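Colleague: If you scroll down you'll find the structure; I have some questions about it.
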Amino acid sequence: MQVTETLSEGLKREFKVTVPASELDARLNARLDSLKNEARLKLRRLFGKSTMAEIVNDVIGEVARNTISERGERAALQPDFKLSEDEKEADQVLAGKHDLTYTMSYEVLPKVELKDFKSVSVERPVAEVKDEEVDEELRKLAETTRTFTAKDGKAADGDRVTVSYVGKIDGEAFPGGTDENAQIRLGTTQLIPG
Numbered sequence: 000m001q002v003t004e005t006l007s008e009g010l011k012r013e014f015k016v017t018v019p020a021s022e023l024d025a026r027l028n029a030r031l032d033s034l035k036n037e038a039r040l041k042l043r044r045l046f047g048k049s050t051m052a053e054i055v056n057d058v059i060g061e062v063a064r065n066t067i068s069e070r071g072e073r074a075a076l077q078p079d080f081k082l083s084e085d086e087k088e089a090d091q092v093l094a095g096k097h098d099l100t101y102t103m104s105y106e107v108l109p110k111v112e113l114k115d116f117k118s119v120s121v122e123r124p125v126a127e128v129k130d131e132e133v134d135e136e137l138r139k140l141a142e143t144t145r146t147f148t149a150k151d152g153k154a155a156d157g158d159r160v161t162v163s164y165v166g167k168i169d170g171e172a173f174p175g176g177t178d179e180n181a182q183i184r185l186g187t188t189q190l191i192p193g
């Protein structure tokens, strides 16, 4: 098996890989030998191409893993493989009569060197918050989490009332101007001022 680097620019790597037909044929015979129930010749005729296709796939994956590992690199994504588009050559490879030749390319993750953190200084900004701002936020929080209890008597500003209404313009109800059991806080501009 021959793996030749054809490109090494920045993070991009590309290799031309040639797997001899004899190695593919040896792997095919080993795979077929594991299927001992029928004669080897009959098995080769019946399962040769599909089994060789599996072997080619296995070899391509194995070469990728080994090449990346031997170079001490980490691929950013799965490698890209370009096989010959010539159907006759592909048939010859699957028949075990031609070397498998393809191009494999991938991008590597850059090597990151950690700095000595003892020499790094971190500035922690401190926010200055005025008492008035805290009081305002607390007031808003109290307003939004306020609980109401039922009471007898007249409603006053700040009380929540439940009303049903029909809004009209020139005596005619208008779309979106009707509600039932709406909860409204008096003194707010939730519907209309006042």
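The sequence shown runs contiguously to residue 193 in numbering that gives the first Met the number 0. Just so it is clear, CB atoms sit at the ideal spot from N, CA and C, and this is done for glycine as well. For clarity, every value in this text was computed on a predicted model and none was experimentally measured.
May I ask you to report which of helix, strand or coil DSSP gives residue 108?
Modeller: Locating residue 108 in the sequence shown gives position 109, counting from the first residue. Note: residue 108 maps to coil in three-state DSSP.
Colleague: Does the Cβ of residue 95 have 16 or more other Cβ atoms within 10 Å, making it buried, or fewer, making it exposed?
Modeller: The residue given as residue 95 occupies position 96 in the sequence shown. Buried.
Colleague: Exposed or buried, which one is residue 138 when buried takes at least 16 other CB atoms within 10 Å?
Modeller: Locating residue 138 in the sequence shown gives position 139, counting from the first residue. Burial call: exposed.
Colleague: Between the Cα of residue 104 and the Cα atoms of 189, 75, 151, which residue gives the shortest distance?
Modeller: Residue numbering aside, residue 104 sits at position 105 when the sequence shown is read from its first letter. Checking every option, the nearest Cα to that of residue 104 belongs to 75.
Colleague: Specify the secondary structure class of residue 12 as computed by DSSP and reduced to three states.
Modeller: The sequence position of residue 12 within the sequence shown is 13, counting from 1. The answer is strand: DSSP assigns residue 12 an E or B state.
Colleague: Considering only DSSP beta bridges, list what residue 7 is partnered with.
Modeller: By 1-based counting over the sequence shown, the position of residue 7 is 8. According to DSSP, which records beta bridges pairwise, residue 7 is partnered with 12.
Colleague: Looking only at C-alpha atoms, which of 10, 65, 180, 97 sits nearest to residue 106?
Modeller: Against the sequence shown, residue 106 aligns to sequence position 107. Checked all of 10, 65, 180, 97; the closest Cα to residue 106 is 10.
Colleague: Decide if residue 64 is buried, meaning its Cβ has at least 16 other Cβ atoms within 10 Å, or exposed.
Modeller: The residue given as residue 64 occupies position 65 in the sequence shown. Its Cβ having fewer than 16 others within 10 Å, residue 64 is exposed.
Colleague: Just verifying my parser: in three-state terms, what is the DSSP assignment at residue 188?
Modeller: For this step, residue 188 is matched to residue 189 along the sequence shown. The answer is coil: DSSP assigns residue 188 none of H, G, I, E or B.
Colleague: Closest to residue 28 by CA distance: which of 53, 117, 1, 156 is it?
Modeller: In the sequence shown, the residue the question calls residue 28 occupies position 29. It is 53 whose Cα lies nearest to the Cα of residue 28.
Colleague: If you run the structure through DSSP and keep just helix, strand and coil, what is residue 50?
Modeller: Locating residue 50 in the sequence shown gives position 51, where the first residue counts as 1. Helix, per DSSP.
Colleague: Is the beta carbon of residue 73 closer than 8 Å to that of residue 50?
Modeller: Numbered from its first residue, the sequence shown carries residue 50 at position 51. Numbered from its first residue, the sequence shown carries residue 73 at position 74. No, the pair does not count as a contact, with Cβ atoms beyond the cut-off.
Colleague: Roughly how many angstroms separate the alpha carbons of residue 193 and residue 135, rounded to a whole number?
Modeller: As a working mapping, residue 193 is identified with position 194 in the sequence shown. As a working mapping, residue 135 is identified with position 136 in the sequence shown. At residue 193 the pLDDT is 45, less than 50, meaning the model places this residue with poor confidence; the figure from the coordinates comes in the next sentence. Whole-angstrom Cα-Cα distance: 23 Å.
Colleague: Between 69, 70, 55, 21, which has its C-alpha nearest residue 81's C-alpha?
Modeller: For the purposes of this step, residue 81 is taken as residue 82 along the sequence shown, with counting starting at 1. Here the closest residue by C-alpha is 55.
Colleague: Measure the alpha-carbon distance for residue 67 versus residue 119 and round it to whole angstroms.
Modeller: For the purposes of this step, residue 67 is taken as the residue at position 68 of the sequence shown. For the purposes of this step, residue 119 is taken as the residue at position 120 of the sequence shown. Taking the straight line from one Cα to the other gives about 34 Å.
Colleague: Three-state secondary structure (DSSP) at residue 154?
Modeller: In the sequence shown, residue 154 corresponds to position 155, counting from 1. In this structure, residue 154 counts as coil in the three-state DSSP scheme.
Colleague: Compare the beta carbon distance of residue 186 and residue 151 with 8 Å and say whether it is the shorter of the two.
Modeller: Counting from 1 along the sequence shown, the entry for residue 186 is found at position 187. Counting from 1 along the sequence shown, the entry for residue 151 is found at position 152. No, the Cβ-Cβ distance between residue 186 and residue 151 is not below 8 Å.
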